[in-house]
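Below: one structure, written as structure tokens.
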Amino acid sequence: MVFDYLPEEEKVYWLNYLVRMEVFHENMARRAETVDDSTGMHPRRCALLKEANLFYKDFYATAKSALSPLVSKDAMLDAKVLNFDYKGIGTFSFNYLIRDWAVKPAYQEEVITKSIVQKLVDLELDCSAATALFLGCGTGKYAVNLAPNYKQVEAFDASVLMIWCIERLQQLKTWEVLRKVERNCRKIEDTVERVRLEMTTSELDTIASKVHFFVADALKLPFKPNTIQHIHSIYFTDVLPLHQLYDRIIDYLLVEEGVFIHFGPLEYFFNNSQEMLTAEEVRLFFAQKGYRILCDEFLETKHLFNPNSMRHRVYENWFFIAQKPVASKTAALNVDSCLSLNSSINLQKTAVLNQGAPIEYEYSIALDEAAYQLPEVVYEMLLHCNGSTSINRILEVLELQDIAKEEQRQLLFILQELLDAKMIKI
Ligand SMILES: C[S@@+](CC[C@H](N)C(=O)[O-])C[C@H]1O[C@@H](n2cnc3c(N)ncnc32)[C@H](O)[C@@H]1O
């Protein structure tokens, strides 16, 4: 279960969060008992609001009761744990859960799934032996819909509650949920929507046989490089700056000829406008890295359409597929190559203290579980790798231009190894 494998400090964080949400909705339900006639609010609407708030309260209380047995009293009182600076994403919305799992399939979900499946067929991409990874999968329906095409599906989200809901629906199979619609309603009865969610037997079997849902931060994934055939980024590419997404996920995880599948409107959920790339820039970025562009289309959908509301968004979604080149891993270095560092590497100079002896230093480079000790000269060279300075120029800057041919060959050999391990890039 999702709560079992969270680190202790995250368990405490989530328990506190769930308690706060439970109490908040309980208070909201109580407030809805008192109708203030002067506002014009109809008593029936108050009754609906109270009912919906009690449903939300029960929702958080149920999650809380699953988590609380896993949290010790000591942990709840541990100042270090309580002060833990939680960087995860806590958002949960019934909108995604309902769009994904309402008995009547949501139109948006059908359009997206069908378009992707059709495109995989048109492009003759054989997926039967492939592992697909779904980034920020939310409540998981796309991963389940597309899973029959694949051998194995890995799907994660940073929101514990999104993944918890998938597990809850797996247990319940059907689940009556209420959704508050606080604005844009035509009628009083529209302010609370009653929806029956369902996971069919075939969906349950698909999950059991090949879909692994888990909680994770996209920048800390547990996979080895070059192990994933397809990466699906459905409404996710705009969550992270492209250079991070590319360096740490797409190019790092994809096998040669693996494909990156993007679907969504590039809405951008961060603030640095320099990183809010247009579709054109994203396409150029991949093309410059040698990726083959297999799909570049736009497709309109109503986003999270809710019939009870007079408002919804319409997205002109960008549907983009790029295929990793075969040669990228084995590009050969030469003295004219300009190198840059993978943004996730840990390059370190560590003092080694031996009593009485002068301080010595050790140099190392690490990426995930792979680590190398480096000669000092390679460490110094890496400090100058900025993507635009050639190896020749770096040797000049370090006054090493006259080293013997054999020494230069050895330096290139070490750099080539770092390149193959994706610690540096050309
Ligand atoms: C716009 S929603 C899309 C959800 C899903 N792909 C869909 O289309 O239904 C973005 C999702 O990314 C998740 N998310 C945001 N930042 C994340 C991160 N750093 N790592 C993993 N998931 C993240 C959010 O919790 C949210 O579920």
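If you count the sequence shown from 1, position 121 lands on 738 in this note's numbering, and the numbers rise without skipping.
Heads up, the beta-carbon is just placed ideally off N, CA and C, and yes, glycines get one too.
Annotated three-state conformation of residue 929 is coil, per DSSP.
Within 10 angstroms of the beta-carbon of residue 748 lie 16 or more other beta-carbons, which makes it buried. For residue 1028, the enclosing alpha helix (DSSP H) has its first and last residue at 1022 to 1037. Counting the other CB atoms within 10 Å of its CB gives residue 1035 a total of 16 or more, which places it among the buried residues.
Not one heavy atom of ligand 1 is found less than 7 Å from the C-beta of residue 893.
Boundaries of the beta strand (DSSP E) around residue 955: 955 to 958.
Straight-line spacing of the CA atoms in residue 999 and residue 675 works out to 55 Å.
Relative to the Cα of residue 689, the nearest Cα in the group 626, 722, 734, 743 belongs to 626.
For residue 759, the Cβ falls inside the 7 Å cut-off from some heavy atom of ligand 1. Shown here for residue 1040: same chain residues with a beta carbon closer than 6 Å to its own, the five before and five after excluded, namely 959, 962, 982, 984 in chain order. Scanning its chain for C-beta atoms nearer than 7 Å, with the 5 sequence neighbours on each side dropped, one finds around residue 765 the residues 823, in chain order.
Boundaries of the alpha helix (DSSP H) harbouring residue 826: 818 to 827, taken from the DSSP string. Setting aside the 5 residues that flank it on each side, residue 1033 is surrounded in the same chain by 949, 950, each with a C-beta closer than 8 Å to its C-beta; the list follows chain order. Under the three-state reduction of DSSP, residue 663 is assigned to helix. The beta carbon of residue 864 sits no closer than 7 Å to any heavy atom of ligand 1. Shown here, residue 782 sits in a helix according to DSSP, grouped into three states. A straight line joining the alpha-carbon of residue 762 with that of residue 849 spans about 12 Å.
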